[in-house]
Structures are given as structure tokens and as C-alpha cells.
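A short write-up of the structure that comes next.
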Amino acid sequence: METTLKLHEQHVGKRPRGYRSPAWDFTESTMSLLEEFGFEWDSSLMGRDFEPYHPRPVTVGWEEGSTFGPPSPVLEIPVSWYLDDFPAVEYIPGVNAGLGSTEVIFERWRDHFDYAYENVPNAVLAITVHPQTIGRAHHIRMFERFIEHMSTRDGVWFATLSDVYDCWTDN
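All letters in the sequence shown, in the order written, are residues -2 to 168 by our numbering.
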């Protein structure tokens, strides 16, 4: 982590404030490393749909019940495989069928957005797009339609995850 942070500062000019694990693979050590190295937010977990939260370590007790540790100071901005462009449309032989319709993605993302807008005050919708996926012509057109749909609603804010962190309060 020290080497990676040093290289990031060298090439980008500042430390990253947040983290997203590759393929959302999160180990037992990930959160403690993020805390140790002063990360403010993470966006790798799926404990909620639309509301940031502070994750807590869990000790599983099969017979006596699980116990929860204290909340992390790291703010979790939840993600979802449903809100990721890659699984739905990328083809990887033997791994991912992909090649799905952009209309299916549009409808899924639109329905998530509409539900959150109508039912969850201050909802955060963390869409995940990959340049090699969203950058294809037919995907760009779908993404433009989705952004236009969201733009029709009052009070919608397009922000970075660090911007979300900066204005989030837990109450």
C-alpha cells in the first residue's frame, strides 16, 4: 500500500481519498488497511442499495449469534453488480456470456434511479462504467439517454464519490 500511494502521489500529484477494490473483491484485511492509511471512503461493498454507511466488522457465531464491532470511520458508498456496465454486455468466453441489450441496462438503471429518487431521501446511485465498455458507440448512446433521464428530475446532482463524502452526514 505504501508503494502504491507513493506512486499515486508522484504521478497524480496527491493522495487518493477513496478506494474501490478490483472486481469488488474485499478481504478481511481491506478495511483495516484503508483505515490505517487514512482513506476517507470506500466503494466496494454492497451492504445497502442507496445510502452510504460505516461498515462494521462481524464475528460470525453460528450457534450464539453474530456480533458486530464498532463502525469504521471509512464511509462506504455502496455499489451493485446491477449498476455495473461490464457484466451485462462484455463477452468473456467461458466466464461471462455478456453481449446483452443496452435497452436492458437502460431500463435497469432507470428503474433503480426512479425508485431511489421517489423513495430514498438523499439517495446515492453509484453507477460503475468501464472505459472499454461504455466507450462503444451503442453504449454511449444508452448512457446519454440515461443521463438525460436523470437530468429531468429536480435536485439531481452529478458528483464524484469524494464530493458525496464531503457533503454526507450520518443523520
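Note that the Cβ used here is the ideal one computed from N, Cα and C, for glycine as well.
For residue i, three-class secondary structure by DSSP
i: Phe47; result: coil
i: Phe65; result: strand
i: Asn119; result: coil
i: Leu2; result: helix
i: Glu100; result: helix
Where residue i falls, given that 16 or more other Cβ within 10 Å makes a residue buried
i: Asp151; result: exposed
i: Phe47; result: buried
i: Glu73; result: buried
i: Tyr16; result: buried
i: Ile144; result: exposed
i: Leu175; result: The question about residue 175 has no answer here: the residues shown for the chain are numbered -2 through 168.
C-beta contact flag for residue i and residue j at 7 Å
i: Arg12; j: Glu37; result: no
i: Leu158; j: Ser40; result: yes
i: Pro75; j: Met43; result: yes
i: Arg107; j: His146; result: yes
Any chain B beta carbon closer than 7 Å to residue i
i: Ser29; result: No chain B appears in the structure shown, which is made up of a single protein chain.
Rounded separation between residue i and residue j - CA only
i: Phe34; j: Pro52; result: 17 Å
i: Leu96; j: Gly132; result: 15 Å
heavy atom of the ligand SAM below 6 Å from residue i C-beta
i: Phe23; result: This structure does not include the ligand SAM; it has no bound ligands of any sort.
With contact counted as at least three CB pairs below 8 Å, one residue from each stretch, are the stretch 89 to 96 and the stretch 53 to 60 in contact? no
Count Cβ pairs between the stretch 109 to 120 and the stretch -1 to 8 that sit closer than 8 Å; are there 3 or more? no
Three or more C-beta pairs under 8 Å: does that hold for the stretch 120 to 139 against the stretch 78 to 89? yes
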